[in-house]
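J.: Protein chains in written order, with the numbering used here: chain B, 2 to 112; chain X, 701 to 814.
Here a beta-carbon is modelled for each residue, glycine too, at the ideal position from N, C-alpha and C.
First, the structure itself, so that you have it in front of you.
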């Protein structure tokens, strides 16, 4: 199956700073790249996604960039707030299959 | 209901027992997925259905695991002869069509095998 590598596994930032999480994948036919946020004891929820025909997408403080040639994509959170603290998962959709998730990044935003 | 519903929310069983986990997807969603999440890990794909048929069951770890979706709506994940290593949160998700976008997850069923 699709191999999805996510880094870092943990990330601690000060409130107001930016956070960046990166993922790489192996299947060049993959065409959909979402990011999910999971708070402790809660279900994963989609926060932003990007398709393979777009290089960047932004939604308020959150942005995702995609480099299809290098097969990596990144989540950028600006002006971080304590409520951004959670585990973030990248995922990749190989054509014809189901989403494969990375192992997650535990983000801690300290006031 | 408005979201994906999973029952039971918690299940404690003894090694060797049989368990069933149920998922009721969002009405109208044709694609249904089962994932397993262990502590500190990302969701691990098990199986997905497009309608009533299992479109991809390559993630099922062995033949003790089986899932059905007989009428294209509710799905049941069945685990025979449970082992301690089966302990995890089993997440169900649904989407309108496979491959088109957002997965909506349920709250999960936490399985503990003693």
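Do residue 732 of chain X and residue 705 of chain X come within 8 Å of each other at the CB atom, strictly closer than that value?
T.: No. Outside cutoff.
J.: Would a C-beta distance cut-off of 8 Å place residue 789 of chain X and residue 713 of chain X closer than the cut-off?
T.: Taking 8 Å as the Cβ cut-off, residue 789 of chain X and residue 713 of chain X do not qualify as a contacting pair.
J.: I'd like to know whether the C-beta of residue 797 of chain X is nearer than 8 Å to at least one C-beta of chain B.
T.: Taking Cβ atoms only, chain B never reaches closer than 8 Å to residue 797 of chain X, which makes this a no.
J.: When the Cα atoms are used, what is the spatial distance from residue 17 of chain B to residue 88 of chain B?
T.: Going from the Cα of residue 17 of chain B to the Cα of residue 88 of chain B covers about 18 Å.
J.: Quick check on DSSP: helix, strand or coil for residue 83 of chain B?
T.: Helix, per DSSP.
J.: If I'm right that residue 50 of chain B touches residue 34 of chain B with Cβ under 8 Å, what's the distance once you round it to whole angstroms?
T.: Between residue 34 of chain B and residue 50 of chain B the Cβ distance is about 7 Å, and since that is below 8 Å, they are a contact.
J.: Does residue 757 of chain X have its Cβ less than 8 Å from a Cβ in chain B?
T.: Taking Cβ atoms only, chain B never reaches closer than 8 Å to residue 757 of chain X, which makes this a no.
J.: Who pairs with residue 717 of chain X in a beta bridge, going by DSSP?
T.: Answer by DSSP bridge pairing: none, since residue 717 of chain X is not bridged.
J.: Short of 7 Å in beta carbon distance, which residues of its chain neighbour residue 797 of chain X, apart from the five on each side in sequence? Order them along the chain.
T.: Excluding sequence neighbours, residue 797 of chain X sits near 730 and 731.
J.: With three or more C-beta pairs closer than 8 Å as the rule, is the stretch 22–31 of chain B touching the stretch 3–11 of chain B?
T.: Yes: at least three Cβ pairs fall under 8 Å.
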